[in-house]
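Asker: According to the working numbering, the sequence shown is numbered sequentially starting from 40.
Even glycine gets a Cβ: it sits at the ideal position worked out from N, Cα and C.
Just so it is clear, the structure is predicted and the values come from calculations on it, not from any experiment.
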Amino acid sequence: GGRRCRRSLPNERTPTPPTRMAAALSSRVTLRAAPVVRGAKASKAAATTRPNRSATLTTRAAIADLPKENKDTKVLVVGGTGYIGKFVVRELCAQGYDVTAFVREKSGIGGKTDASGAKSMFPDASVKFGSVGSVDSIRSGAFDETYDVVVSCLASRTGGIKDSWDVDYQATKNVLDVAREKGAKHFVLLSAICVQKPLLTFQSAKLKFEEELQAAGDISYSIVRPTAFFKSLAGQVESVQKGGPYVMFGDGQLASCKPISERDLAKYMAECIRDNSLENKVLPIGGPGEAMSALEQGTMLFDILGMEPKFVKVPIEVMDGVIKVLDAFAGFFANMRDAAEFGKIGRYYAAESMLVLDDATGEYDASKTPSYGTDTLEAFFKKVSVEGLAGQELGDQAVFK
Numbered sequence: 040g041g042r043r044c045r046r047s048l049p050n051e052r053t054p055t056p057p058t059r060m061a062a063a064l065s066s067r068v069t070l071r072a073a074p075v076v077r078g079a080k081a082s083k084a085a086a087t088t089r090p091n092r093s094a095t096l097t098t099r100a101a102i103a104d105l106p107k108e109n110k111d112t113k114v115l116v117v118g119g120t121g122y123i124g125k126f127v128v129r130e131l132c133a134q135g136y137d138v139t140a141f142v143r144e145k146s147g148i149g150g151k152t153d154a155s156g157a158k159s160m161f162p163d164a165s166v167k168f169g170s171v172g173s174v175d176s177i178r179s180g181a182f183d184e185t186y187d188v189v190v191s192c193l194a195s196r197t198g199g200i201k202d203s204w205d206v207d208y209q210a211t212k213n214v215l216d217v218a219r220e221k222g223a224k225h226f227v228l229l230s231a232i233c234v235q236k237p238l239l240t241f242q243s244a245k246l247k248f249e250e251e252l253q254a255a256g257d258i259s260y261s262i263v264r265p266t267a268f269f270k271s272l273a274g275q276v277e278s279v280q281k282g283g284p285y286v287m288f289g290d291g292q293l294a295s296c297k298p299i300s301e302r303d304l305a306k307y308m309a310e311c312i313r314d315n316s317l318e319n320k321v322l323p324i325g326g327p328g329e330a331m332s333a334l335e336q337g338t339m340l341f342d343i344l345g346m347e348p349k350f351v352k353v354p355i356e357v358m359d360g361v362i363k364v365l366d367a368f369a370g371f372f373a374n375m376r377d378a379a380e381f382g383k384i385g386r387y388y389a390a391e392s393m394l395v396l397d398d399a400t401g402e403y404d405a406s407k408t409p410s411y412g413t414d415t416l417e418a419f420f421k422k423v424s425v426e427g428l429a430g431q432e433l434g435d436q437a438v439f440k
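#1: At 4 residues or longer, and completely inside the region 295-374: list those alpha helix (DSSP H) runs for me, N to C.
#2: Does the beta-carbon distance from residue 99 to residue 257 come in below 8 Å?
#3: Threshold first: 4 residues or longer. Then list the alpha helix (DSSP H) segments lying entirely within the region 375-437, N to C.
#4: Whole angstroms are fine: how far does the CA of residue 266 sit from the CA of residue 286?
#5: Measure the C-alpha to C-alpha separation of residue 375 and residue 394 and round it to an integer number of angstroms.
#6: Check residue 155 in the structure and name its three-state DSSP category.
#7: What does a CB cutoff of less than 7 Å around residue 442 pick up in its chain, not counting 5 residues either side in sequence?
#8: Could you give the first and the last residue of the continuous alpha helix (DSSP H) run that contains residue 243?
#9: Which class does residue 167 belong to by DSSP, given the choice of helix, strand or coil?
#10: Does residue 395 get closer than 8 Å to chain E when you measure Cβ to Cβ?
#11: Here's the rule I'm using: 16 or more other beta-carbon atoms within 10 Å means buried, otherwise exposed. How should residue 456 be labelled?
#12: Buried or exposed: which applies to residue 292, given that a residue is buried once 16 or more other Cβ atoms fall within 10 Å of its Cβ?
#13: Bridge partners for residue 113 per DSSP, in chain order?
#14: Quick check: the Cα distance between residue 402 and residue 408, rounded to an integer number of angstroms?
#15: Does residue 451 come out as helix, strand or coil in the three-state DSSP assignment?
#16: Leaving aside the five residues before and after residue 428 along the sequence, list all residues of the same chain whose C-beta is less than 7 Å from its C-beta, in chain order.
#17: Among 332, 298, 174 and 250, which residue has its Cα nearest to the Cα of residue 419?
#18: Measure the CB-CB distance between residue 191 and residue 244 and report whether it falls below 8 Å.
#19: Let me know if residue 173 comes out buried or exposed under the rule of 16 or more other beta-carbons within 10 Å of its beta-carbon.
#20: In terms of residue numbering, what span does the alpha helix (DSSP H) encompassing residue 190 cover?
#21: Specify the secondary structure class of residue 105 as computed by DSSP and reduced to three states.
#22: Near residue 424, what residues of its chain come up, given a Cβ to Cβ distance below 7 Å and the 5 sequence neighbours on each side ignored?
#23: Below 7 Å CB to CB, which residues in the same chain sit around residue 93 once its five sequence neighbours on both sides are set aside?
#24: To which residues of the same chain is residue 415 closer than 8 Å at the C-beta, ignoring the five residues directly before and after it?
#25: Since residue 161 and residue 128 are thought to touch, with beta carbons under 8 Å apart, how far apart are those beta carbons, to the nearest angstrom?
#26: May I have the straight-line CA-CA distance separating residue 79 from residue 155, to the nearest angstrom?
#27: So, is residue 111 buried or exposed, given that buried needs 16 or more other C-beta atoms within 10 angstroms?
#28: Could you name the residues of the same chain whose beta carbon sits closer than 8 Å to that of residue 334, not counting the 5 residues immediately before and after it, in chain order?
#29: Taking the continuous beta strand (DSSP E) assigned at residue 229, which residues delimit it?
#30: According to the Cβ coordinates, are residue 324 and residue 227 closer than 8 Å?
#31: Run through DSSP, which three-state label would residue 185 get?
#32: Roughly how many angstroms lie between the CA atoms of residue 294 and residue 355, to the nearest whole one?
#33: Just verifying my parser: in three-state terms, what is the DSSP assignment at residue 208?
#34: In this structure, what does DSSP give as the bridge partners for residue 287?
#35: Taking only the alpha-carbon atoms, compute the straight-line gap between residue 262 and residue 319 and give it to the nearest angstrom.
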């Protein structure tokens, strides 16, 4: 959801002589993918690694195998009542897909959405209930029928240690396992651009699942890694309107992003179902326009509100000190481990840009971060400055509360 890349190595390989006969039978016969190689050694490994002749041959499904008409294409969405998920469900319905949302009976932010609320939220989709934490529940509650495509918008609610492994990895893997078992052809994953530099638990959990999805030789995939969301940058709008300062870390230029709206992101994820160029790839994606630092975002907000800029600059070292204290307590008290992790999450977003990380330079590069959509942060700030943030809640994922 709000938490916040290099492109993956191709999984399709030219068949070696012993496999040519198999390749003649199917243009999509592949060996099970080797573990994803990352970093500077990738090109060398790609040149030297040879397929294991004893490996199991599998036929990877593909976008080309999907029904030609959207109305005939059955799509299952998990995490559909979440921050981004609800926009994805509505966008897929608007494009005419046969959509089913699989949700908990108490779902959404803070578990405020009950069964009747979920059904009324998605009048054009089928809604089924169960738990992604249970393979049996997924199998009986969601996959009592077959689906062509599975879209996962699952994300841990808090970024806590256990929650991250339970949701960002295990629950998502449960869905993939049943999807493969039941013959789904394509899997669209909502991930996050920050997994390219995994320093936090939720990033490691997401990255582990990404690698397993890429290694699954029988289902095609699109891994979508968005930058910051508009709503995650709007937490200070109301306080600034009331005369408060805009709070930023350091000089406000430690980190930048190319934020994307939930509506544009939902459209991009829908494109992943049909666009062959987005198949079997890791896809970093940002919104339109130039990358913006916290200082630039705050300056724009004051300009929109017609107010004199008033900033509070918090030294990043303050967060480092807090994290050291929390880490010390976490060594003695298990219930403090998540508090320490939350401190690290805040520090990460204060200092790390939500842009593509250039492996060659080790620097974030706005020019290498693709742009998509038409919604701008300026238009969003103007809208919420008039209409407020009702319906814009990030819940446990909010930084400024």
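Answerer: Taking the structure as given:
#1: The region 295-374 contains, as complete alpha helix (DSSP H) runs of 4+ residues, the segments 301-310, 333-344 and 355-369 (chain order).
#2: Between residue 99 and residue 257, the CB-CB gap stays under 8 Å.
#3: 376-390 and 416-426
#4: 21 Å
#5: 31 Å
#6: helix
#7: With the chain covering 40 to 440 only, the question about residue 442 has no answer from this structure.
#8: 240-254 is the span of the alpha helix (DSSP H), which, as asked, contains residue 243.
#9: For residue 167, the three-state secondary structure derived from DSSP is strand.
#10: This model lacks chain E altogether, as it is built from one protein chain only.
#11: The question about residue 456 has no answer, for the chain in this structure spans 40 to 440.
#12: exposed
#13: 137
#14: 12 Å
#15: Not covered by the structure: residue 451. The range shown for the chain is 40 to 440.
#16: 273, 276 and 277
#17: 298
#18: no
#19: exposed
#20: Looking at the DSSP string, residue 190 is not in any alpha helix (DSSP H); the run it does join, the beta strand (DSSP E), is 188-191.
#21: coil
#22: 276, 280, 343 and 344
#23: Since pLDDT at residue 93 reaches only 38, below the 50 mark, its modelled position is unreliable, and no value is offered.
#24: These residues qualify, in order along the chain: 326, 327 and 328.
#25: 5 Å
#26: Legend: pLDDT at residue 79 = 38, less than 50; position of this residue unreliable, value from coordinates given subsequently. Approximately 51 Å, taken between the alpha carbons.
#27: Around the C-beta of residue 111, fewer than 16 other C-beta atoms lie within 10 Å, and the residue is accordingly described as exposed.
#28: 287, 290, 291, 292 and 350
#29: 225-229
#30: In this structure, residue 227 does not lie closer than 8 Å to residue 324 by Cβ.
#31: In the structure shown, the three-state DSSP call for residue 185 is coil.
#32: 12 Å
#33: Here residue 208 sits in helix by DSSP.
#34: DSSP lists 352 as partners of residue 287.
#35: 8 Å
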